[in-house]
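Student:
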Amino acid sequence: MTKFIIRLLVLLLPLISPVATSQIKKIGVPFITSYSPKMYKAASENWDVLQNSRGMMFFANHFGILQFDGVRWSIVTQPENRSMVRSLAIDKNDKMYVGAQGDFGYVIQLPNGQYQYTSLVKLIPVSARNFGDVTHTVIQNNKVIFFSSEGIFIYNNNKIKVLQSKDNFDDFFEVNHEIYVSDNAKGLLKLQNNKLLSVPNGEQLIGKKIRKIFNTKNGLLLLTQKEGLFTYQDNEIKPFLTEVDYLLKQNQISTGIAFSDGYFGIGTRQSGLIVVDSAGRLIQHINKQMGLQNDYVTNLKTDKEGNLWVTLKEGISLIQISSPLSRILDSSNSETKIYNSLIYQNKLYIATDNGLFWLDWNEYKNGKRENVHFQHVSGMYENVWNIGVFGNSLLAFEKNGIFEVNGNVAKTIAKIDGAWKGILIPNHPDLLLAGGYTGLYLLKNTNGSWVYQHKIKGFEESSRVIETEKDGSIWIAHGYKGIFKLKLNTTFDAVSELQFYNQKNGFPSSLFLNTFKIDNQILFGTTKGVYKQNPVSKKMVPDPVFKKYLGLGSHIRLLKPDNQNNIWYLSGENTGKMIQKSKGNYQIDELPFRKLRYLYVPGFENIQTTASGDVFFGTQDGLIHYSAVKNKKYQTKYKAVISEVKCIFPKDSLLFSSRYDVLPNKTGSPNDTFSVELPYSNNALHFSFASLFFDDAEATTYEYWLEGFEPEWSDYSIQTEKEYTNLPENEYVFHVRAKNIYGVVSEEAVFRFEVLPPWYRTIWAYILYFILYGVVIYSVIKYQKSVAERQRQQLILNQEKELLRSRAELNEQKLTLEQENMNIMRENLESTINLKNAKVASSTVNLIHLNEILLSIKDLITQIDKKNDPNVNFSLLAKINKLIDHELQGDKQWNEFEEIFNQLHDNFMQRLKSTYPELTPRDMRLCAYLRMNFNTKEIAPLLGISVRGVEDTRYRIRKKLQLPSDTNITEFILNF
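Just so we're aligned, residue 1 is where the sequence shown starts under the numbering used here, counting upward by one.
See the structure below:
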């Protein structure tokens, strides 16, 4: 346990000690990452910053305590009175103490991620509770000291001692574990044993508004707001003069920080951050023009990685002061692409896409940047591809030709259609070969000046990459075709030999080939390592030395030797240095340059080295400087964190989060166990994670693994969220770990949870299923018995039905036979009826015929004239006539006809007579003949009357039947 505490204190030492272990470069401006209020979504003002033992960053913000995990920002808690937070401190158990406006207290984190604030104001007397901003919070031994201008509150053993001043305090300082207080009426005081003691001659500092005190080998160094710096040694107070007194006095000091290399960082209200050394010389001046969001610095703290966090009146900035890389910026801070750079005659020249620029390098590297700016070389406004010193001349190779640079002016010495670069012809220092857009050009040094001669005949290819050998061979790389090897004739005006090499000659590809010269040997950069030419077979083969150190898997974009026999290279996206230990033995150094990934101008990668050790990288983001004397530790440990866990179905619900007031549990202890058991309906989870490593945090990659669901870790990616859906019931552990730009893998973070089975797969459900199974089995057995009984009853019923069906069939057969008999009888009856109808019809026809004869005879008798024929026996004729009348009456035949007629027509005569009794026999006969559908002419002979008589009879019958005039009597009789 003791060892653990010691280690923890060592980790916390950079934050506890007022002396930061970081160093800061003098040359260039460190890389700055800015976080604006729009990014962290809180108030613009920030007053303090700290880092806990895990590496989490916290900021005292106007809206509360602001947390940053490397990916996400969030307000995690607020004071009880919802006032702004002004100061922060943290103990070895990560218990944060908070100074706010009119309030102070402490904050602990609960197991569910929430932060719980507890105010301590209730422990002080009511009379002392009227105070303003608590601008300092310091932990000293077992005490916590809260400072405000109205009082000093010393918290110990759950009690608070209050120290007050009649004229209020001005400021508060912790110096080498000692506490100093600036009193408006008494000057500088010292806090000892909970009492304020006067410092000798401390009253001389009344009104000077001290803002920071450092302990140095020459005593105390006092930073005042408007009067500059003072030293306090041997009870004497003296001004401490610096190169930047005018800046410090004009721009008001607000805070400060001491670095381990003897440098002091001074924050100002109006001019950003100023860094001086122990002698007061200016090292750095980083203000808004150099990348800060705001010139009002409120506080300065370093983290475990040596980064400097700057809280501002508006925003937060992270300055990577421990990096050996810095940006060469001036106050103009113009953005441009750098194609080449060179130091010549104490001037730094940069070839850009906007022309050629220079600045005074000696002034710049000595920190005097206020009046040092990049100046444009007049006459060059297009893309300048290359610059170089040839003889005593500085030449620039530009889109419009070749220029000689003298001071601020460039003059054209060769107006050609684009020039890439120049190289001296071996053994001829007075001849310069220039590679152009469409071939090669020759220049000659005459009387110290370069003079254009002519274009080389026989070669028209673009010649951007050129190297030469001692034998006069010229190697030219064309990025899309291959490698050309050529020689010039003795007059240097034409190509005498030309050879071409591409994939057919051994290269892995004909694309993206480059040529370099290392130790007088021609090498080739390919898409798969470094190649060289076999002197015997002339084939291109991998170089064994570079194969050993750089492999054969990356695109070699650049090889560059320096004057210390080191080789700088660009392999894929990695920049590195092969440090020579002995001949053919190298040590690879890549980590310091990981920040340069994706910054180079594609195809125009350039690294320039100097004898003094300065290294320049030309990028799309300007010129970057490297200093090998800066030693940064890249293998530091850090942690991955799980920022938030939430269920996403059926609706979003947080399980773990540090965001303020998003979870209901606001009470508890950090030691409480935190277990998550989720109902099956919440089996879809969303994880948010981050890493507590802030150097190029956006380039950090992550891998994760859900133990219990996935078989192995995922691939690394930059995503910081993962979602799982439809998780089956199980116990799970979500793991996540990060890998930073230096390839260091973090400590993993885990989150344990359990998805409970659905109700239908719980133990109680299975018990219920067992009971239901027994009930089902019982029911099945009972059902089977019931079915068997029903089947037996059904069998009996079926047998009875079969018997009944048999009987029914017999009855049906019987009925069929009877029906057949009935049909036979009906047919016989119909035959009889038909026969009778035929008989009646025949008899009626005969009767009609007979009556017609009788009527004819009667008419003849009637025609005999009694007077004119005396011989006629009239008595006999009278008898005959009488006999004829008798026969015409036909009673005997009528009786037979009536009997048959009634049989055939359902007793028609009887029904008609009973319905209409007033009908006479003649009427009845007429109705019978109408029933048989005889017409008037056919009826007259049957009745022995004339047609007219038939009609009269019909008329009388109509009246007797009381038929309407529109009713047909025949239809009535037929339907009766």
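Using N, Cα and C, we set each Cβ at its ideal position, and we do this for glycine too. Keep in mind the model is a prediction, meaning the values are calculated, not measured.
I'd like to check one pair, Val409 with Gly388: are the Cβ atoms closer than 8 Å?
Tutor: Not closer than 8 Å, so no.
Student: Helix, strand or coil for Phe770, going by three-state DSSP, please let me know.
Tutor: It is helical.
Student: Give every residue of the same chain whose Cβ lies closer than 7 Å to the Cβ of Ser148, excluding the five residues on either side of it in the sequence, and list them in chain order.
Tutor: Excluding sequence neighbours, Ser148 sits near Phe131, Gly132, Asp133, Val134, Thr135.
Student: Which two residues bound the contiguous alpha helix (DSSP H) that contains Ile969?
Tutor: Counting along the chain, the alpha helix (DSSP H) containing Ile969 begins and ends at 969-975.
Student: Return the CA-CA distance between Gly407 and Ile286, expressed in angstroms with no decimal places.
Tutor: Each residue's Cα considered, the two are about 29 Å apart.
Student: Look up Asn534 in the DSSP assignment and give the residues it is bridged to.
Tutor: Bridge partners of Asn534: none, in fact.
Student: One question on the structure: do Ile75 and Phe58 come within less than 8 Å of each other, judged by their Cβ atoms?
Tutor: No.
Student: Taking contact to mean at least 3 C-beta pairs separated by less than 8 Å, is the region 353-368 in contact with the region 637-649?
Tutor: With the cut-off at 8 Å, the region 353-368 and the region 637-649 do not touch.
Student: Which of helix, strand or coil does DSSP assign to Gln164?
Tutor: Residue state, collapsed to three classes: coil.
Student: I need the straight-line Cα distance from Glu812 to Arg826, nearest angstrom please.
Tutor: Approximately 20 Å, taken between the alpha carbons.
Student: Tell me the residue span of the beta strand (DSSP E) that contains Glu723.
Tutor: 721-724 is the extent of the beta strand (DSSP E) around Glu723.
Student: Below 8 Å between beta carbons: does that hold for Leu395 and Gly422?
Tutor: The answer is yes: Cβ separation under 8 Å.
Student: Determine which residues share a DSSP beta bridge with Gly265 and list them.
Tutor: Ile257, Val275, per the DSSP bridge assignment.
Student: Taking the continuous beta strand (DSSP E) assigned at Leu318, which residues delimit it?
Tutor: That run of the beta strand (DSSP E) goes 316-319.
Student: Compute the Euclidean distance between the alpha carbons of Asp543 and Phe687, then round it to the nearest angstrom.
Tutor: Near 48 Å, if we compare the C-alpha coordinates of Phe687 and Asp543.
Student: Buried or exposed, going by whether 16 or more other CB atoms sit within 10 Å of the CB of Pro592?
Tutor: It is buried - the Cβ of Pro592 has at least 16 other Cβ atoms within 10 Å.
Student: At the level of alpha carbons, what is the spacing between Leu348 and Ser341?
Tutor: Distance between the alpha carbons of Leu348 and Ser341: 7 Å.
Student: What first and last residue would you give for the beta strand (DSSP E) that runs through Phe751?
Tutor: Note, Phe751: beta strand (DSSP E), 749-755.
Student: For Leu440 and Gln453, which I take to be in contact (beta-carbon distance under 8 Å), what is that distance rounded to the nearest angstrom?
Tutor: Wrong, their Cβ atoms sit about 11 Å apart, outside the cutoff.
Student: For Asn61, write down the residues that DSSP places opposite it in a beta bridge.
Tutor: Beta-bridge pairing links Asn61 to Asn46, Gly64.
Student: Report the three-state DSSP secondary structure of Val244 (helix, strand or coil).
Tutor: If DSSP states are grouped into helix, strand and coil, Val244 belongs with coil.
Student: Among Tyr501, Ile154, Arg659, Leu727, which residue has its Cα nearest to the Cα of Tyr680?
Tutor: That would be Leu727, whose Cα lies nearest to the Cα of Tyr680.
Student: What ranges does the beta strand (DSSP E) occupy inside the region 343-403, keeping only unbroken runs of at least 3 residues that lie completely in it?
Tutor: Within the region 343-403, the complete beta strand (DSSP E) runs of at least 3 residues are 347-352, 355-360, 384-390, 393-398.
Student: Measuring alpha carbon to alpha carbon, tell me which residue in Leu488, Gly448, Tyr598, Trp361 is nearest Gly391.
Tutor: Comparing Cα positions, the closest option is Gly448.
Student: Taking just the CA atoms, how far does Gly401 sit from Gln375?
Tutor: Gln375 and Gly401: Cα-Cα distance of roughly 21 Å.
Student: Going by DSSP in three states, Val676 sits in which element: helix, strand or coil?
Tutor: Three-state DSSP puts Val676 in coil, outside helix and strand.
Student: Can you give me the C-alpha to C-alpha distance between Phe604 and Val641, rounded to a whole angstrom?
Tutor: C-alpha separation (whole angstroms): 40 Å.
Student: Taking Val541 as the reference, give the member of Lys504, Asn566, Val495 with the closest Cα.
Tutor: Of Lys504, Asn566, Val495, the residue nearest in Cα terms is Lys504.
Student: Locate the beta strand (DSSP E) running through Leu692, then write down its first and last residues.
Tutor: Element bounds for Leu692: n/a, residue is neither H nor E.
Student: Where Tyr246 and Ile274 are concerned, what is the direct C-alpha to C-alpha distance, given to the nearest angstrom?
Tutor: Approximately 12 Å, taken between the alpha carbons.
Student: Could you please give the first and the last residue of the uninterrupted alpha helix (DSSP H) stretch that includes Gly944?
Tutor: Premise fails: Gly944 is in no alpha helix (DSSP H) and is neither H nor E.
Student: Could you give the first and the last residue of the continuous beta strand (DSSP E) run that contains Arg557?
Tutor: 556-561 is the extent of the beta strand (DSSP E) around Arg557.
Student: With three or more beta-carbon pairs closer than 8 Å as the criterion, would you say the region 959-974 touches the region 911-922?
Tutor: Verdict: yes, contact present.
Student: Suppose contacts are defined by Cβ-Cβ distances below 8 Å. Is Gly280 in contact with Glu243 by that definition?
Tutor: Yes, the Cβ-Cβ distance between Gly280 and Glu243 is below 8 Å.
Student: If you compare alpha carbons, which of Trp361, Ser393, Lys411 is closest to Val377?
Tutor: Comparing Cα-Cα distances from Val377 to each of Trp361, Ser393, Lys411, the minimum goes to Lys411.
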